[in-house]
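Sequential numbering of the sequence shown, starting at 197, is according to my numbering. Remarks on the structure that follows.
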Amino acid sequence: MRSLELFQITAISIIVLGFIILGQSKSIQKIIPVQTMDDAATFLTKFGFMEEQDGYIPTDKVTDAIEQYQEFYGLAKTGQLDTKTLSDMNKVRCGFPDVQQKKRRQKRFVISSYSWTAPIITWNFLNYTEDLTIEEQVEAFEYAFEQWSLPSKLVFVRVHSSPDILIYFTDIDGENGILGTAELPIFPNHNVTIRFDEGEKWSTADDKTHLSIVAAHEIGHTLGLLHSKVPDAMMFAQYSFKGPNYKLHVDDILAIKELYDTKETCISGDGIVILKDGNRVNVSNLKIGDVIQTSEETYSPVLTMLDKNDKTPTLFIRIETSLGNSLKLTPKHLIAVQSNILEKEFVFAEKLQNGSKVYVHIDGKEVEDEIVHVEKTVEKGYYAPLTNEGTLIVNGIEISCYALIEDQELAHLSMTPLRWFLQIYEMIFSESFDENPTDGIHWYGRWSYNYLLPIVDKIGLISL
C-alpha cells in the first residue's frame, strides 16, 4: 500500500512538472507594465475582454474592450487608455480571466456552472516557496480553506496522495503582475491546480503579498467562483491586503451559497416572538417549553429546534412591509402569503417580491400587508423552532416552522410523529425531551428529509 501511494505521488508530480515546463516554454508572459495600445490589447485579450485576433486588431474592438474593462472595474467609461485605466491595469492581480466569453453578468458576484459534488475536498502541496517555513504555508492555507468551509459546509482535508486540489509554486511573470491562478472544477473527480508565482516575496505577517489572502482568492476559483465586481470582495481580481485575520465579504458568501445549496432552513436569531405572558424574546433566546404566539389567537409551546446554528454565515431573504414590519428568513423557508385567489398559502421566501402580501399581526388582529422591499443579506446564526401548529409569528409576520418542501400541510403531517412523541414525553415525565438541543439539524428532520419524503416524492405527492 505504501508503494502504491509513493507511485501515485510520483506520477502526479511528473505530470504537473510537465505542465509547468510546457507552460514556461509557451505561455508565461509578463503582464505588466501596460504602456501602449498594443500592450492593452494583449492584456484585454488575456483577461477575457476581447477575443483573440489574428494579425491587425481594429481600433473599435480595442475601444469596446477598454470600455468593458472600465465598466467592470468601476472606472469612467471613456474607451480611452487614460491614466486611471493604465494605472488600474498595472495593479497586481490574479491570472484568471475576468470575463468568460459569452457569459453575461447579472450580479456583482459570478459563479460558473462547475462545482464539486462530494462534500469532502482534499488538498496538498506539490512544492513550497522558500520565503516561508512549511508550517507557515500550511497554516496559511488551512485558514484560507476554513473561510470557504464555513458558508459552503464543504470539508477540506489535507492528504498526502491524489489530492483534489494540488498547490504549487512556479515562475509566472516575476515580482508583481500575476500573483497566482487556478482552475475551475470542470471535470468531476479530477484534480485541479493552484499555482503561485515563485517570483513574488511571499509573506504571512505584513501588508505585502500575503500568501493566505491570495490563496483564499484562488481557492474560490477551484470551488467554481469567477471574479467579482465588488472591490472589497475576496473574489475581486486585484489584490489588496485585508488583514491577517481576514474574512470573506458578503458578496463572496452570497456567491458560494448560491453555488453550493447549503439547505439552511430557518429564521435569523434577532427575530422577535411574543410569549403568552406578553413578554417578547429573540428567537435565539427561545427555550424549549416557551409558549409563543403561532397565529391570531393561538399560542403553543416550543417543542424543539428543527435546526440551530449560531456561528455559520447564512444567506437570508430580508423583507420590509408597508406597515413597517421586517423579517429575515432563509430562501427555502415557508411564509404565509395571500394567493391569487385571496386565500392564505405558504411559499418559499425566495419567491417573495415587491407587492406580495403577507399576514401581519397587530394588536391581536391579522391583516394583509404588502411587501415594499426585498433583498438578500448574510448574517451569522439561524434557528427553526417547532410548535404544535407548525407556525409562529416573528416580528409580527406569520411564517411556517418548515422549509425545503413547498407544502405546509405535508410538511406538518410529516412532523406528526415527532410532535406526538415530544408531547407525550412531557405529559409522562413533566419535562421536555430536548432540554438543550444541540446545534445542527434535528435527527428526526434529517431522517424525514432523507428517507420519508423521498418515498412520498416517488409516489408523486411532492417534488423534491
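Just so it is clear, CB atoms sit at the ideal spot from N, CA and C, and this is done for glycine as well.
When the five nearest sequence neighbours on each side are left out, the beta carbons in the same chain lying within less than 6 angstroms of the beta carbon of F392 are those of F365 and G376, in order along the chain. The C-beta distance from I463 to V479 rounds to 6 angstroms, short enough to meet the 8 angstroms contact threshold. Following the DSSP letters along the chain, one finds G416 inside the alpha helix (DSSP H) bounded by residues L407 to T418.
According to the DSSP assignment, Y578 belongs to the beta strand (DSSP E) that extends over K561 to T583.
Below 8 angstroms, too few C-beta pairs join the region 413-426 and the region 529-546 to call them touching: fewer than three. In the DSSP assignment, P347 falls within the unbroken alpha helix (DSSP H) covering I330 to S348.
The count of Cβ pairs closer than 8 angstroms, one atom from the region 607-620 and one from the region 579-593, reaches three, so the stretches are in contact. As a beta-bridge residue in DSSP terms, V351 pairs with I316. The region 582-601 makes contact with the region 556-574, as at least three CB pairs between them are under 8 angstroms. Around the beta-carbon of M623, fewer than 16 other beta-carbon atoms lie within 10 Å, marking it exposed. For A272, no alpha helix (DSSP H) encloses it, and the DSSP letter there is neither H nor E. In this model, F239 and V230 are separated by some 8 angstroms (Cα to Cα). Secondary-structure assignment with DSSP links P509 through a beta bridge to K576. Under the DSSP assignment, Q534 falls in the beta strand (DSSP E) whose first and last residues are H529 to Q534. When secondary structure is reduced to three states using DSSP, N481 falls in the helix class. Straight through space, the alpha carbons of I262 and G275 are spaced by roughly 5 angstroms.
Separation of the CB atoms of L511 and T526 is rounded to 7 angstroms, and the pair is thereby assigned contact status at 8 angstroms. For M501, DSSP records a beta bridge to P581. Judged by beta-carbon spacing, K553 lies within the 8 angstroms limit of Q534, meaning their Cβ atoms are closer than that value.
Each of T281, V334 and M285 was checked against the Cα of K242, and the nearest Cα belongs to M285. In this chain, the alpha helix (DSSP H) harbouring S610 covers Q604 to S610.
About 4 angstroms separates the CB atoms of K472 and Y495; that is less than 8 angstroms, so the two are in contact. With a beta-carbon spacing of about 6 angstroms, V353 and I316 fall inside the 8 angstroms limit used to define contacts.
Between the alpha carbons of L322 and L455 lies a distance of about 28 angstroms. It is roughly 9 angstroms from the alpha-carbon of E379 to the alpha-carbon of G420. Secondary structure of K553 (DSSP, three-state): strand. DSSP, read as helix, strand or coil, puts F625 in helix. Membership of D393 in the beta strand (DSSP E) is indicated by the continuous run V388 to D393.
DSSP, read as helix, strand or coil, puts T238 in helix. By the neighbour-count definition (other C-beta atoms within 10 Å, threshold 16), L350 is a buried residue. Judged by DSSP in its simplified three-state form, K540 adopts strand.
In the three-state DSSP reduction, A261 falls in the helix class (H, G or I). Within its own chain, the residues whose Cβ lies closer than 6 angstroms to the Cβ of V543, once the five positions on either side in sequence are excluded, are V533, listed in chain order.
When rounded, the separation of the alpha-carbon atoms in Q343 and H406 is 15 angstroms. Nearest to E267 by C-alpha distance, out of T281, K257 and P254, is T281. Under the criterion of beta carbons closer than 8 angstroms, I363 and F341 do not qualify as touching, at roughly 11 angstroms.
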